[in-house]
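As structure tokens, the structure follows; a few thoughts come after it.
Numbering (the working numbering), first residue to last: 9 to 149.
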């Protein structure tokens, strides 16, 4: 518990837990060159790619993704090279409480959600699993 406490104060290289979902996710929009939207409607998760027709996603798989990845183990990024990294917006999540969270990829293990930059193997898995679940190309940004 001491390491979590010190990490929350920004001291040292301690791991923290980031709960980035402020409330229930209602929609996620892809911010890359090929737009996509995942939205919950009438107890179904639907995906729309490139403005096409919505398709039904496996409801349980989407719910599992949210349950697994709305809380992440992270290491807050304090490296001086942060500004040199290429910020690539990946997706924006919208919540039932009206808030949102923009997810960006800085490099293979460094991410940013809104203004917080961090390193996280769990976030890497979250992005990879979401791409697989939504059948997005692996190089999708």
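Don't be surprised by glycine CBs; every beta carbon is placed ideally from N, CA and C. In this text the structure is predicted, and so the values were computed from the model without any measurement.
Strand pairing of residue i, partner residues [DSSP]
i: residue 131; result: For residue 131, which the question treats as bridged, DSSP gives no partner whatsoever.
i: residue 26; result: 80
i: residue 125; result: 120
Contact belief for residue i with residue j at Cβ below 8 Å, rounded distance in angstroms
i: residue 103; j: residue 32; result: 6 Å
i: residue 72; j: residue 64; result: About 16 Å; that fails the 8 Å criterion.
i: residue 113; j: residue 96; result: 5 Å
Nearest candidate by alpha-carbon position, reference residue i, set the options
i: residue 35; options: 56, 143, 137 and 133; result: 56
i: residue 76; options: 27, 93 and 114; result: 27
i: residue 78; options: 140, 144 and 128; result: 128
i: residue 66; options: 48, 93, 80 and 83; result: 48
i: residue 124; options: 132, 111, 116 and 130; result: 111
i: residue 58; options: 43, 135 and 69; result: 43
### Message
Runs of 4 residues minimum, wholly inside the stretch 34-121: which ones carry the alpha helix (DSSP H) assignment?
### Response
67-77
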